[in-house]
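Below: one structure, written as structure tokens.
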Ligand SMILES: [Zn+2]
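Numbering (this note's numbering), first residue to last: 10 to 479.
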């Protein structure tokens, strides 16, 4: 068969592969873990049982221990000439790719024709969860409080040493450095969230392009094309400033074509399960592309056409609100973001929405937006009585409370009967709040009402959720 005939067949297969993974993802998703936070030991149990099913396909070995003695494992699949190394969760609170790697292993086990073809062409090495101590606490750094991704040269962390050692042993042709970024990044000024940001890291301050980096750039373009078949406009290009202490930049310098994949934010995807799926499609598709050298037809210029990653999203953006300071009225936009905090009564992490910016925010975007067209801002009221059991709570008429300007209920009882995400759930604060009228918008929780000229409440914003009143 002629070469271009073969490669067009392979292009066709690549397209079918990613289309099937996208369409039938539920067949390949490893559903034992579907949250960003998980128990590290449980992750390893899930991984081990997966690998048990795929014994003939892969081998697994312990390559060392974290500072606190947790296992770090290397999984090897295939005996081909092209060597690919992928590692995830070097930053302990960046778990999206760790879950997608489970899915990838599952795909290799279940899709026989895919893995048959791959194993003669590539040797795939996976290090899921490089920073298990950080992952245990869901914190970026390792137990020594060192950012492993700034330890590529000094090598004072056991995790960094292990990664360097494996690199030296394998000398991979391609390296995938898998991270998560802020969920509030956008794809340039397109108004689309950067669900994925890609980077072929620079290997010097001048950001030169040699053969090694060029291959990585072309794989980035392949990944963008694969993801955007299904999710148009969600891929951004990560800042390529050279960081001489980082692993990605050094891998590129040491001769492995290195691709950084950053999982960002997407609409209503708080646990990043949709982005996990994007990762899987990107992994499977780009490994196939590398195995068959399909990426070589991609253009370097297309990489630089990918809009840059910019932090332009709010979780909620309320535009054109009339506020008042002393007696003076003026118009502002209100930017609202959430942070996650552990709630000991609910026994889980919950999202707290806070006002993080006010003023002219017309250059920003929102996952959710409301044009308040000169409606008047007022802080929501806190229901005076502290409730301690569900029966008291049940008796409250939420609609009439909201109509009277209340946005918060103090409740310290059981959550067994309260549905997650319900209006009750949103209105409840489990800590006691000061009763004084707040003075500052910035830093205040996103609990407020918006009134029209007749002093009628048109909207209530309750912990970041917009509720329209009829
Ligand atoms: Zn990271």
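In this text, a Cβ means the ideal position worked out from N, Cα and C, and glycines have one as well.
C-alpha gap between residue 416 and residue 434, whole angstroms:
Counting from one through the chain shown, the residue named residue 416 turns up at place 407. Counting from one through the chain shown, the residue named residue 434 turns up at place 425. Taking the straight line joining both Cα atoms gives about 11 Å.
Is the separation between the beta-carbon of residue 273 and that of residue 363 shorter than 8 Å?
Walking along the chain shown from the start, residue 273 turns up at place 264. Walking along the chain shown from the start, residue 363 turns up at place 354. Going by C-beta atoms, residue 273 is not nearer than 8 Å to residue 363.
Are the beta-carbon atoms belonging to residue 81 and residue 72 less than 8 Å from one another?
In the chain shown, residue 81 corresponds to position 72, counting from 1. In the chain shown, residue 72 corresponds to position 63, counting from 1. Yes. Within cutoff.
Residue 53 lies in the beta strand (DSSP E); which residues open and close that run?
Position 44 of the chain shown, counting from 1, holds the residue named residue 53. No beta strand (DSSP E) contains residue 53, which is instead part of the alpha helix (DSSP H) from 49 to 62.
Which residue comes first and which comes last in the beta strand (DSSP E) that contains residue 416?
Position 407 of the chain shown holds residue 416. From DSSP, the beta strand (DSSP E) with residue 416 extends over 415 to 420.
Which residues count as close to ligand 1 when the rule is a CB under 5 Å from any of its heavy atoms, in chain order?
100, 103, 188
Within 8 Å, strictly: CB atoms of residue 91 and residue 128
The count along the chain shown starts at 1 and reaches residue 91 at position 82. The count along the chain shown starts at 1 and reaches residue 128 at position 119. Taking 8 Å as the Cβ cut-off, residue 91 and residue 128 do not qualify as a contacting pair.
Indicate whether residue 374 and residue 97 have their beta-carbon atoms separated by less than 8 Å.
As a first step, residue 374 is located in the chain shown; it is residue number 365 there, counting from the start. As a first step, residue 97 is located in the chain shown; it is residue number 88 there, counting from the start. No. Outside cutoff.
Cβ of residue 269 within 8 Å of Cβ of residue 172?
For this step, residue 269 is matched to residue 260 along the chain shown. For this step, residue 172 is matched to residue 163 along the chain shown. Cβ distance not < 8 Å, so residue 269 and residue 172 don't count as in contact.
Simplified DSSP state of residue 5, which is helix, strand or coil:
For the chain, the structure presents residues 10 to 479; residue 5 sits outside this window and is missing.
State the Cα-Cα distance for the pair residue 119 and residue 293, rounded to the nearest angstrom.
Counting from 1 along the chain shown, the entry for residue 119 is found at position 110. Counting from 1 along the chain shown, the entry for residue 293 is found at position 284. The straight-line gap from Cα to Cα measures roughly 13 Å.
How far does the alpha helix (DSSP H) with residue 387 in it extend, from its first residue to its last?
Along the chain shown, read from residue 1 onward, the residue named residue 387 stands at position 378. Where residue 387 is concerned, there is no enclosing alpha helix (DSSP H), although the beta strand (DSSP E) it sits in stretches over 385 to 388.
Which same chain residues end up closer than 8 Å to residue 146 when comparing Cβ atoms and leaving out the 5 residues on each side of it in sequence?
Position 137 of the chain shown, counting from 1, holds the residue named residue 146. The residues are 101.
Which of the three DSSP states is assigned to residue 99 in this structure?
Residue 99 sits at position 90 when you count from the first residue of the chain shown. If DSSP states are grouped into helix, strand and coil, residue 99 belongs with coil.
Going by C-alpha to C-alpha distance, which of 450, 181, 419 sits closest to residue 261?
By 1-based counting over the chain shown, the position of residue 261 is 252. It is 181.
For residue 155, which of 234, 210, 75 has the nearest alpha-carbon?
The count along the chain shown starts at 1 and reaches residue 155 at position 146. That would be 75, whose Cα lies nearest to the Cα of residue 155.
I need the DSSP call for residue 313, collapsed to helix, strand or coil.
Taking the chain shown and counting its residues from 1, one reaches residue 313 at position 304. Residue 313 falls in the helix class under three-state DSSP.
Between the C-alpha atoms of residue 338 and residue 331, what's the straight-line distance to the nearest angstrom?
Counting from 1 along the chain shown, the entry for residue 338 is found at position 329. Counting from 1 along the chain shown, the entry for residue 331 is found at position 322. One C-alpha to the other measures close to 7 Å.
Count Cβ pairs between the stretch 222 to 236 and the stretch 344 to 352 that sit closer than 8 Å; are there 3 or more?
no
Identify every residue that forms a DSSP beta bridge with residue 346.
The residue given as residue 346 occupies position 337 in the chain shown. Paired residue(s): 363.
Chain-order list of residues whose beta-carbon lies under 6 Å from that of residue 95 (same chain, five-residue window excluded):
Counted from its first residue, the chain shown places residue 95 at position 86. The residues are 135, 185.
Identify which residue in 124, 140, 21, 473 has its Cα closest to the Cα of residue 67.
Counting from one through the chain shown, the residue named residue 67 turns up at place 58. Here the closest residue by C-alpha is 124.
Between residue 152 and residue 142, which are expected to be in contact by the criterion C-beta below 8 Å, what is the C-beta distance as a whole number of angstroms?
For the purposes of this step, residue 152 is taken as residue 143 along the chain shown, with counting starting at 1. For the purposes of this step, residue 142 is taken as residue 133 along the chain shown, with counting starting at 1. Contact holds; Cβ gap of about 4 Å.
DSSP three-state call for residue 19: helix, strand or coil?
What you label residue 19 is simply residue 10 of the chain shown in a count that begins at 1. Helix.
In the DSSP assignment, what are the bridge partners of residue 374?
Sequence index remark: in the chain shown, residue 374 carries index 365 (1-based). Beta-bridge pairing links residue 374 to 322.
Per-residue DSSP class, three states only, for residue 334:
Within the chain shown, the letter at position 325 stands for residue 334. Here residue 334 sits in strand by DSSP.
Going by the beta-carbon positions, is the gap between residue 299 and residue 457 smaller than 8 Å?
Here residue 299 corresponds to residue number 290 of the chain shown, with the count starting at 1. Here residue 457 corresponds to residue number 448 of the chain shown, with the count starting at 1. Their beta carbons are not under 8 Å apart, which means residue 299 does not touch residue 457 by this criterion.
In the DSSP assignment, find the unbroken alpha helix (DSSP H) run with residue 467 in it and report its ends.
Numbered from its first residue, the chain shown carries residue 467 at position 458. First-last for residue 467: 466 to 471, but that is the beta strand (DSSP E), not the alpha helix (DSSP H).
Could you compute how far the alpha carbon of residue 62 sits from the alpha carbon of residue 56?
As a working mapping, residue 62 is identified with position 53 in the chain shown. As a working mapping, residue 56 is identified with position 47 in the chain shown. Approximately 10 Å, taken between the alpha carbons.
Say yes only if the C-beta of residue 322 is nearer than 7 Å to one or more non-hydrogen atoms of ligand 3, and no if none qualify.
With respect to small molecules bound, the structure shown includes ligand 1 and not ligand 3.
Complete runs of the beta strand (DSSP E) confined to the stretch 147 to 194 [at least 3 residues]:
183 to 189
Own chain partners of residue 390 with C-beta closer than 6 Å, once the 5 adjacent residues on each side are dropped
Taking the chain shown and counting its residues from 1, one reaches residue 390 at position 381. Within the same chain, residue 390 has close Cβ partners 414, 415.
Once DSSP output is grouped into helix, strand and coil, what is the label at residue 455?
For the purposes of this step, residue 455 is taken as the residue at position 446 of the chain shown. In this structure, residue 455 counts as coil in the three-state DSSP scheme.
Residue(s) in a DSSP beta bridge with residue 86
On the chain shown, position 77 is the one that residue 86 refers to. Beta-bridge pairing links residue 86 to 67, 133.
Do you know how far the Cα of residue 255 is from the Cα of residue 162?
Within the chain shown, the letter at position 153 stands for residue 162. Within the chain shown, the letter at position 246 stands for residue 255. C-alpha separation (whole angstroms): 8 Å.
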